Structure formats: C-alpha cells, structure tokens
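Remarks on the structure that follows.
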Amino acid sequence: MSSNDIIVSLDIGTSKVRAIIGEVSNGAINIIGVGSADSEGIRKGAIVDIDQTVQSIRNAVDHAERMVGIQISDVYVGIQGNHISLQTNHGVVAVSNEDREIGEEDIERVLQAAKVVALPPEREIINLVPKQYLVDGLEGISDPRGMIGVRLEVEATVVTGAKTAIHNLVRCVEKANLRIAGVILMSLASGQMALTKDEKMMGTVLADIGAGSCTIAIFDQGSMVATSTLPIGGEYVTSDISYGLRTQTEQAEKIKQKFGCALIQDAAEDQKFKVMRMGSNVEKEFSQVDLANIIEPRMQEIFHLIRQEVIRLGFGDKINGYVLTGGTVIMPGTLPLAQLELESTVRIAVPDFIGVRDPSFTSGVGMIQYVSKYMRNRISSAPKKSTGRKASAPSSNKPGLFERLKNMFSEFI
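The opening residue of the sequence shown carries number 1 in the UniProt record's numbering; numbering runs sequentially from there.
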C-alpha cells in the first residue's frame, strides 16, 4: 500500500444510505468524510425501486464529496439479507517455487481452488474468508507467506448470495456513476470493527439492529459460523408509536429519536411532549413513560426473536455474550433491556473515530477496516481533487459486471 490510500464504503440501509471516506496513512485509519441521505426505494433491507435507490446513493456520495472536496469514483459496497448463506470448503495446491517458499501466487491459487464449489444457478459467491492455512499438514497458520513447504491447503468459508439481489445492488451503484471495487458482507465488516479477538474465539452474537431488518452473525473459533436476517427493526417501533399516539409516521420517528426510552423504569414522568394527532388540529400531551409503554414491548419482542434465532441456528448453549450495533440500539434503556431479555452479557459497539461515534456507522467504518486489512491489493489510488462537476456518464473502460463479480475475490490475497 502507498502511504496514503482513500477507501470509500457505501452502506445502503433501509432508513439511510451512508458513504464514508477513510484515509489509510501508514496503516492507521482516519475517517475524513461522511455523507448520509434518507433511503428511498429500500424496504426491509431489500431494493424495491432502482431509480429511488440510485438517487439516494447519489445524494449520500455528493454529501461526502462536498465535505472533503474530492471526487469519489470507486466504492466498496456492503451487502446483507436473508438470501446470504455460508458453507465451508477446502482447497489444496502444490507449492510452485523451486525453493519451496510459499509466495503470493501460491496463496492465490489455493484460494481459487477453495472457490470451486457446486452452486445452484441462481446463487453466486460474494466473499471467500480463509479460516486457516495448512502447510504440509501443519494446522492453524493464519498467513503462510514466506514459509517453506510442498503442499499448501486452506480451509475457507464461502459466502454466497442470490444473484438477483447482488446484481440489483451492483446495478444501483453503477447507475449512480460509481465503480464497484468490491462487495463485502456487512456482518464480516461489522465483526471486524465491533468484536475483539477473544469475542470471536469464545462464541459471540453480533446483532445489527437497523431500521428495517436485524442481521445476526455468530462468531466462534475466530470466524463467522452462521448468519441470519430477521425482517424486524426500528421501523416497527416507529409504526407502534404512530398507531399508539395516532400521529403521522414522520412525526412518530422524530418523537422516538428525541424522547424514546426502551425501558419503562428508566423513563421520566415529568418529560412531556405534545403531538398533533391525525384527524385533528388539536395537540395532545404525553409523557416519556407513555412512550416507553409503547416502545418496551416491541423492543422486548426484537430481543426475544434474536434469542430464538440463535437457538434455531444451533448455538443456544454455545454463546458467551451479545454485541449490539445499528441505529436502533442508540435509544436509552436498550442495553439494560437487552441484558434482561437475552440473559447474557451484552454491550453496544460504537466506532471509535471522530465524526462517526454512533452505532449506526459500525458497518460503514467496519468495511473500511476490513478493506485495509484483507483487500489492500485492491485499494484504488486516492481520488483526485474535484475540479468541477462529475462526469454524467460512467467510465467506458471499466470491466463488465459479470467479469468484475467473477474476479472479486483476489482482494483476500
């Protein structure tokens, strides 16, 4: 890597699209720009309107560009959803060098060998995550570069997804006049930032509770072993407030953000606010306790469903703790309620960077950390300073969609 590289991550969520610009300088990451825009065309984490999603992406990227004064051309895009699945595969190659020293080429060949896996025609590989390498039968090697051996093996997790979902995501980003440098599974990226090495080893659930969906990723023995997406999130809390107070959804979201509390006993009776009710031009006064009585049951249900899903995945008795992240967990009272419902140790993960100290930025910042650690060979050179309006047409010399998706995994080398 050069001394200063620019990495841009794009987190396309149900409520917000976030573009985060990270600068990698001598191995250290600095967040230099953040752009966010209201998400249109996304329902429960899935794209339902291409044009609206493209406009949201453009708005977020323009916001980030104006903040830093550079032009963004290449982005790393996060993907998630209930179409994601994991499977383990094995790759074996003979070391090609005459002196039997393992080099980059050998690692690339063994990873390519691990990608040879039978898939249904509607599915496609998103990421390949090496669990461990083996050199002449010696296990537990994390990086075999420079070692001497005859036979190189890799045990890897193959992350696959539905072609339709992947291609729709790629199409949206391309229509926004951006090039895709790589597609990254959000749970892997969030885990890179939110979890410690010990947490990944001991069995930990990372629950990313967004607006429209909750993504559960289970880490054990140092790698991600299961993932699942539940179609429930902060939007359901907003909807309950809207029905309970008989007010518009937009108003309910503002009330939730300003006065919301997930635990009734933590709410203040003297904290009052007025709401314009639907079908009336008269404002009615409510207290924070009234609001908490609406929010707590729904948040209890979310945590109950998370726990049930962990049990369904077969990890009910193997979990030593939960780490929460995502925009919904910002609400006061969420942590004590989660500890009660999940009956385990729980903490909330927050990125430790100026300007993004908020759980809703975990995925976007995690992607930048993930790229700098695992995809450094794919990092594009720093974008040039913007001198005018961005070209409206996409670059004509970029490789085709299928060719790029097919070759997307060399970033792990």
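A virtual CB, placed ideally from N, CA and C, is assigned to each residue, including glycine.
Quick caveat, the model's predicted, so the values are computed rather than measured.
Where does residue i sit, in a helix, a strand or coil, going by DSSP?
i: K406; result: In this prediction, K406 has a pLDDT of 46, which is less than 50 and means its spatial position is unreliable; nothing more can be read from the coordinates.
i: R298; result: helix
i: N82; result: coil
i: G146; result: coil
i: R307; result: helix
i: A189; result: helix
i: P332; result: coil
i: V95; result: coil
i: I107; result: helix
i: K16; result: strand
i: G321; result: strand
i: G366; result: helix
i: G137; result: coil
i: V346; result: strand
i: S392; result: Confidence at S392 is low in this model, with a pLDDT of 34, below 50, so the placement of that residue is unreliable and no value is reported for it.
i: A165; result: helix
Going by the CB atoms, is the gap between residue j and residue i shorter than 9 Å?
i: G146; j: I102; result: yes
i: Y322; j: G182; result: no
i: G161; j: S85; result: yes
i: I306; j: V225; result: no
i: T328; j: T334; result: yes
i: I47; j: V61; result: no
i: E153; j: T88; result: no
Looking only at C-alpha atoms, which of the options sits nearest to residue i?
i: G35; options: M67, G41, R347, H90; result: M67
i: D290; options: I311, A114, K256, G233; result: K256
i: Q251; options: F273, S363, A267; result: F273
i: residue 447; options: G22, N26, R109, S56; result: This structure cannot speak to residue 447, because the chain is shown only from 1 to 413.
i: K258; options: L337, S287, L230, S25; result: S287
i: L188; options: G78, G326, G316, T345; result: G78
i: I295; options: R277, E309, N320, Y236; result: Y236
i: E40; options: A211, I264, L340; result: A211
i: N168; options: S363, E269, I180, Q369; result: I180
Since residue i sits in a beta bridge, which residues does DSSP pair it with?
i: N89; result: A156
i: H22; result: The sequence shown places Gly at residue 22, not His. Its beta-bridge partners are I7, I31.
i: N127; result: V159
i: Q132; result: E155
i: R100; result: Looking at the DSSP assignment, R100 forms no beta bridge with any residue, so it has no partner.
i: V116; result: Paired residue(s): none; V116 is not in a bridge.
Answer yes or no: does any C-beta atom of chain D fall closer than 9 Å to that of residue i?
i: V77; result: Absence of chain D from the displayed structure is noted, only one protein chain being present.
In the stretch 28-77, which residue ranges form an unbroken alpha helix (DSSP H) of at least 4 residues, counting only runs that do not cross its ends? 50-68
Ignoring anything shorter than 4 residues or poking outside the stretch 205-291, list the alpha helix (DSSP H) runs there in chain order. 234-245, 249-259
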